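Protein chains in written order, with this note's numbering: chain A, 18 to 415; chain B, 18 to 415.
To keep things clear, I will list the structure first and then write my remarks on it.
Structure (structure tokens):
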């Protein structure tokens, strides 16, 4: 087939590397630290089942008819009350919430509404690969801002803002995917001042914010910069990813544009899921559900870190994540992530080599390891297998 | 806010006119022929409820985990068996089906995969406004091909194909929205030859194909041109629009590109709905459900046509639809669709003035009237009110 038939944007896009990895990772006998999947055993199946039965009785055919593009209002009210009621200085309400088909769709709509080909966009380096994929289809100039241990490098950020006028900064400041890194409180305040000075929109993706392992919370960057922040949230990490319910909270003028894009993209997100989640939130305490997830993932994280310290402290460095679902390992000199990946696959353990997380000039010495989706036993065996793979390729190299 | 922040595509898009109409149309006391809503009383609520209960028992947490971007395989197999098994000459299988978030998303993905700004795209005149909206965000040059009583004007189509190389022809050949018009069998064969000659892709949107009022079926255009057709289908008109499950059936090479776009757009469509629909299709006979819809809409259509003949035959002309959900009225000289719309709204009846259905140079003498969503009583009263509105504006004009 004549390739000229396709759009430039799609001709530039490769088949997703991570999809290929996930195929390999699902082979029998493989221990997979590759996906970013939540632990399905923590899904509140019974509660969601009861909620579903209740809404069929309560709403009948209304569950099944077309809904409005903004999303089911009672759910938007609950999201607003839980996540945005205390955002200061901004006239925000449930009408500022747009329900999306997972927060992946939020990224797509943001690309649609903001990006002209060639527009500069700032993103963390390394950055969330789903965002890189979604934005890339709008052909921006993605510029990576390096991460330090306490989050974005603010001098490089400011340097970029002073030279160019990016459409927005995309950031995942809390328990970032892939690095597990969290922007410090001090930097949250400073970044808001910098963004305000240069009048730059912030897209704050808060997918992992509630999966924290310590008791102290940290305010969203939005709370310091409410007038120009788009906040992204999701139920994928707390209740269920398969229901595909995420949201954007945005200032009115931006929300109106997002709504036009939403309508053209899929009219509205699945109504049944929205109403089921709304019912769940009416009947149950989401915080109890989140507490379960926090305890379980904290244990898995500690378990994995212990094995990493035992087995891989000579071969890799990492920042201990305070929440979220991932370790990000920087490999010692001479270990190439793809080489290690191939050895690991032969040894029946999978992870994601770091390079798809770089918007440009990928580093070859990083890997992402997920702990949320594996049992403690698999975590032990899997880390052991990675350590064996490191030894194997080191021998070959020597 | 600085408008330069937004993308060109969104700055060119207006707030949807039809959304504004639907707001007006939902006012109390209003009879609305405006939306394209199915009759909710025909939704198989009980069957879908039982199917939902069954899948919670059967699949448990698998319902709630991430799914694959292609969609739930057993559902894709059922769609393939029902709709595509007999398409000749093409090596098609369930792997050629991509599940989308309603067929609106199919339109968006097609725009993403094919359209560069300025690319020529052919569409019926009048054409489906959801397609015009979805494609417009990719900034094509939309060229309208007029409809005759038996479908697209083939000489104008061929004339365009000989002069330009459009990315595709988008067509809704069976019980078209908005015109109710159906492409004749003879023209289906001829159009396939023409498209083959000029090597032009066909996007065949078959949202209404099963809602036919006569017993004879007509083969899809795809069956004459399988190698270069993207076929779009949906459960929105037969089972439930709120579940947002549609699909694209496309040749492999195109499907691969659509899949990249799908992944970047929302990862995958709601899994619960897909599994519920799959269960419904295992347990019940969709044809019995469709028979109910056909009988009901046929009756409503006949009822509306009788009242139109009684009350509006002096003021408008139409082609009697053989299926689908709409009458498309061409108003007699001197009656302007917006003027009539405003008078009708004052008289508590709503419809859609024709102009959003034209990709360029809208006509001002057409209106779309829906019958599927109103009771027989409302159909009588509504048509009466439209007739009164015609008399009212005619007096004013004289």
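We put the beta carbon where it would ideally sit given N, CA and C, even for glycine.
Computed from a prediction, not measured in an experiment: that's the story for all the values here.
Query: Which of the three DSSP states, helix, strand or coil, is assigned to residue 224 of chain A?; Result: coil
Query: For residue 411 of chain B and residue 261 of chain B, I'd like the C-alpha separation in whole angstroms.; Result: 42 Å
Query: Per DSSP, what are the beta-bridge partners of residue 164 of chain B in this structure?; Result: B/169
Query: Let's test the definition: count the other Cβ atoms within 10 Å of the Cβ of residue 31 of chain B and tell me whether it reaches 16, buried, or not, exposed.; Result: exposed
Query: Tell me, to the nearest whole angstrom, how far the beta carbon of residue 249 of chain A is from that of residue 120 of chain A; I am working on the premise that it is less than 8 Å.; Result: 5 Å
Query: Just the chain B side, please: which residues come within less than 8 Å of residue 33 of chain A by C-beta, in chain order?; Result: 277, 280
Query: Would residue 321 of chain A be called buried (16 or more neighbouring beta carbons within 10 Å of its own) or exposed?; Result: buried
Query: Taking C-beta pairs closer than 7 Å, name the residues in chain A that residue 130 of chain B reaches, listed in chain order.; Result: 23, 24, 27
Query: Check the Cβ of residue 223 of chain A against every Cβ in chain B and list those closer than 7 Å, keeping chain order.; Result: Chain B residues near residue 223 of chain A: none, gap ~18 Å exceeds 7 Å.
Query: Going by C-alpha distance, which of A/365, A/299, A/254 is nearest residue 311 of chain A?; Result: A/254
Query: For the region 257 to 269 of chain B, which residues have a CB atom closer than 7 Å to at least one CB atom of chain A, in sequence order?; Result: 257, 258, 259, 260, 261
Query: What's the C-alpha gap between residue 33 of chain B and residue 99 of chain B?; Result: 35 Å
Query: Taking C-beta pairs closer than 9 Å, name the residues in chain B that residue 95 of chain A reaches, listed in chain order.; Result: Under the 9 Å cutoff, chain B gives no residues; its nearest Cβ is about 19 Å from residue 95 of chain A.
Query: For residue 179 of chain A, does the count of other Cβ atoms within 10 angstroms reach 16, so buried, or fall short, so exposed?; Result: exposed
Query: Restricting to runs no shorter than 3 residues, where is the beta strand (DSSP E) found entirely within the region 86 to 160 of chain A?; Result: 114 to 118, 137 to 142
Query: Look at the Cβ atom of residue 263 of chain A, then the Cβ atom of residue 69 of chain A, and state whether they are nearer than 7 Å.; Result: no
Query: Let me check one thing: in DSSP terms, what residues is residue 387 of chain B bridge-paired to?; Result: B/343
Query: When you compare the CB of residue 133 of chain A with every CB in chain B, is at least one pair closer than 7 Å?; Result: yes
Query: Would you say residue 284 of chain B reaches chain A, if we count a Cβ-Cβ gap shorter than 7 Å as a contact?; Result: yes
Query: Closer than 7 Å by beta-carbon distance: list the chain B residues that pair up with residue 70 of chain A, in chain order.; Result: 70
Query: Is the beta carbon of residue 134 of chain B sitting closer than 7 Å to the one on residue 156 of chain B?; Result: yes
Query: Residue 251 of chain B CB to nearest chain A CB: under 7 Å?; Result: no
Query: So, for residue 204 of chain B: in the same chain, excluding its five sequence neighbours on each side, which residues have a beta-carbon less than 8 Å away from its beta-carbon?; Result: 167, 168, 169, 171
Query: Ignore the nearest five residues each way along the sequence and tell me which others in residue 158 of chain B's own chain have a CB closer than 8 Å to its CB.; Result: 135, 136, 137, 138
Query: Smallest Cα separation from residue 162 of chain A: which of A/318, A/293, A/146, A/188?; Result: A/188
Query: Just checking: is the beta-carbon of residue 183 of chain A within a distance shorter than 7 Å of some beta-carbon in chain B?; Result: no
Query: So what does DSSP say about residue 250 of chain B, is it helix, strand or coil?; Result: strand
Query: Any beta-carbon of chain B closer than 7 Å to the one on residue 288 of chain A?; Result: yes
Query: Out of curiosity, what's the CA-to-CA distance linking residue 218 of chain B and residue 185 of chain B?; Result: 5 Å
Query: Residues of chain A with a CB under 9 Å from the CB of residue 73 of chain B: which are they?; Result: 62, 63, 65, 66, 69, 70
Query: Can the beta-carbon of residue 247 of chain A be found closer than 7 Å to that of residue 126 of chain A?; Result: no
Query: Measuring only the C-alpha atoms, how far is residue 380 of chain B from residue 114 of chain B?; Result: 37 Å
Query: As a quick exercise: from A/124, A/288, A/283, pick the residue whose alpha carbon is nearest that of residue 77 of chain A.; Result: A/288
Query: Report all residues from its chain with a CB closer than 6 Å to the CB of residue 229 of chain B; omit the five preceding and five following residues, and keep chain order.; Result: 340
Query: If we count Cβ pairs, one from each stretch, closer than 8 Å, do we get three or more for the region 396 to 406 of chain A versus the region 359 to 379 of chain A?; Result: yes
Query: According to DSSP, which residues form a beta bridge with residue 48 of chain A?; Result: A/366
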